[in-house]
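> In this text, residue positions in the sequence shown follow my numbering: the first is 4, and each later residue adds one.
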Amino acid sequence: MTTIEASGLCKRYGARIALDGLTFTADTGEVIGLLGPNGAGKTTAIRLLTTILEPTGGTFTVAGIPGDQPHRIRQRIGVLPESAGYPGRQSGAEYLRYAARLFGRSRPDARTAAERLLADVGLSERAGARIATYSRGMKQRLGIARALVNDPAVVFLDEPTLGLDPAGQGEILATISDVARQRGATVVLSTHTLTEVEQVCDNLLILDRGKLRAAGPIAEIVAGAGSLSSAFLHLTGQDSHD
Ligand SMILES: Nc1ncnc2c1ncn2[C@@H]1O[C@H](COP(=O)(O)OP(=O)(O)OP(=O)(O)O)[C@@H](O)[C@H]1O
4 MTTIEASGLC KRYGARIALD GLTFTADTGE VIGLLGPNGA GKTTAIRLLT TILEPTGGTF
64 TVAGIPGDQP HRIRQRIGVL PESAGYPGRQ SGAEYLRYAA RLFGRSRPDA RTAAERLLAD
124 VGLSERAGAR IATYSRGMKQ RLGIARALVN DPAVVFLDEP TLGLDPAGQG EILATISDVA
184 RQRGATVVLS THTLTEVEQV CDNLLILDRG KLRAAGPIAE IVAGAGSLSS AFLHLTGQDS
244 HD
């Protein structure tokens, strides 16, 4: 089932075009990578699809809901923004229980949901510890759990592995795969790390300076270029640094 449809999506800031006609679809259970160098338009695309920004052109639907109904879309999505802040004095369990209550869960339901989500992201053992004592990777996993609290159809993760060591990165990537496979959610993963894309993404969108340079299964994008890094260099003129 198609869960995201974007057609000619544009965002302008005065004379600057941050996103220039993004068109793609994504399906249930798919991890779709949004890849591109700095300034490519990845965060802008995520902000448009999550209804934080309004497009200056084009149309989209998320979870079958048209983009002009942002309140309904927000009920059906989960988001881990690029730089999420956390209340350091709360425990992970308190934070998730509160988030579940915001979505209208009863107190016992919120407790059960928080416990399950903490287990899903491998944080059960630290559930009662203050978030201030969590590592960066643990905070990111808590952020993913927070994004799942309303059982979303589509989850948007903006550079979730930024600043993590390889072990932390691996844990996040495993969590992302689980979200797509076990929950059947669509995951939109923004990154500029090619190895990450190759490990978890089914399909890929390569953006550069606001324009979509390639879209489709990784194997198709790699075909001809020999490797994803060669394809990336060819499409964006930039080295991938990994
Ligand atoms: N509020 C804004 N006002 C003006 N220009 C903006 C604004 N937000 C983004 N831009 C510009 O739009 C372009 C796309 O930015 P965006 O943040 O979407 O890129 P990105 O691919 O997420 O980059 P990064 O990997 O550095 O986060 C950039 O040229 C950026 O400078």
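Quick reminder that beta carbons are idealized off the backbone N, C-alpha and C, glycines included. Note that the structure is predicted; figures quoted are calculated from it, not measured.
Kindly list the residues whose CB is nearer than 8 Å to the CB of Leu167, restricted to its own chain and excluding five residues on each side of it in sequence; keep chain order.
Hits under 8 Å: Arg139, Gly140, Gln143, Ile175.
> The beta strand (DSSP E) spanning Ser180 covers which residue range?
Unbroken run through Ser180 is the alpha helix (DSSP H), 169 to 186; no beta strand (DSSP E).
> What are the start and end residues of the beta strand (DSSP E) that includes Ala218?
First-last of the beta strand (DSSP E) with Ala218: 214 to 220.
> Taking Gly95 as the reference, give the member of Asp123, Ala228, Gly107 with the closest Cα.
Of the candidates Asp123, Ala228, Gly107, the one whose C-alpha sits nearest the C-alpha of Gly95 is Asp123.
> Since Leu145 and Ile134 are thought to touch, with beta carbons under 8 Å apart, how far apart are those beta carbons, to the nearest angstrom?
So it is a contact: roughly 7 Å between Cβ atoms.
> If Ala43 and Ile35 are in contact, beta carbons under 8 Å, what's the gap, nearest whole angstrom?
At roughly 15 Å, the Cβ-Cβ gap does not stay under 8 Å, so Ala43 and Ile35 are not in contact.
> How is the alpha helix (DSSP H) around Thr46 delimited, first residue to last?
45 to 52 is the span of the alpha helix (DSSP H), which, as asked, contains Thr46.
> In angstroms, rounded to a whole number, what distance separates the CA positions of Thr5 and Gly131?
For Thr5 and Gly131, the distance between alpha carbons rounds to 38 Å.
> Tell me which residue opens and which closes the beta strand (DSSP E) that Leu38 is part of.
Start and end: 34 to 38.
> Taking only runs of the alpha helix (DSSP H) that begin and end inside the segment 138 to 169, which ones reach a length of at least 4 residues, in chain order?
With a minimum length of 4 residues, the continuous alpha helix (DSSP H) runs that stay inside the segment 138 to 169 are 139 to 150.
> Consult DSSP for Phe106 and reduce its assignment to one of helix, strand or coil.
If DSSP states are grouped into helix, strand and coil, Phe106 belongs with coil.
> With 16 other CB atoms within 10 Å as the buried threshold, where does Tyr137 fall?
Classification of Tyr137: buried, given that the 10 Å Cβ count is 16 or more.
> Please tell me whether, using a cut-off of 7 Å, the distance from the CB of Gly42 to the nearest non-hydrogen atom of ligand 1 is below it.
Yes, since a heavy atom of ligand 1 falls inside the 7 Å radius drawn around the Cβ of Gly42.
> State yes or no: is the C-beta of Ala21 nearer than 7 Å to some heavy atom of ligand 1?
It does: the Cβ of Ala21 is within 7 Å (strictly closer) of some heavy atom of ligand 1.
> Could you tell me which residues DSSP puts in a beta bridge with Val82?
According to DSSP, which records beta bridges pairwise, Val82 is partnered with Phe159.
> Taking 7 Å as the cut-off, is the beta-carbon of Thr164 closer than that to any non-hydrogen atom of ligand 1?
No, since every heavy atom of ligand 1 falls outside the 7 Å radius drawn around the Cβ of Thr164.
> Ligand 1 and Gly60: does the residue's C-beta get closer than 7 Å to at least one heavy atom of that ligand?
For ligand 1, not one heavy atom lies less than 7 Å from the Cβ of Gly60.
> Going by the beta-carbon positions, is the gap between Ile147 and Pro163 smaller than 8 Å?
In contact: Ile147 and Pro163 (Cβ atoms closer than 8 Å).
> Who are the Cβ neighbours of Leu83 in its own chain at under 8 Å, not counting the five residues just before and after it?
Cβ within range, chain order: Gln143, Gly146, Ile147, Arg149, Ala150, Val158, Phe159, Leu160, Asp161, Pro163.
> Nearest to Arg108 by alpha carbon, out of Val152, Val65, Gly213?
The option with the nearest alpha carbon to Arg108 is Val152.
> Please return the same chain residues whose Cβ sits closer than 6 Å to the Cβ of Cys204, not counting the five positions on each side in sequence.
The residues are Val34, Gly36.
> So, at 8 Å on beta carbons, what are the nonlocal neighbours of Pro220 in its own chain, with the 5 sequence-adjacent residues on each side left out?
The residues are Asp205, Asn206, Leu207.
> Just mark Arg250 as buried or exposed, buried being the case when its beta carbon has 16 or more other beta carbons within 10 Å.
This structure gives no information on residue 250, because the portion of the chain shown stretches from 4 to 245.
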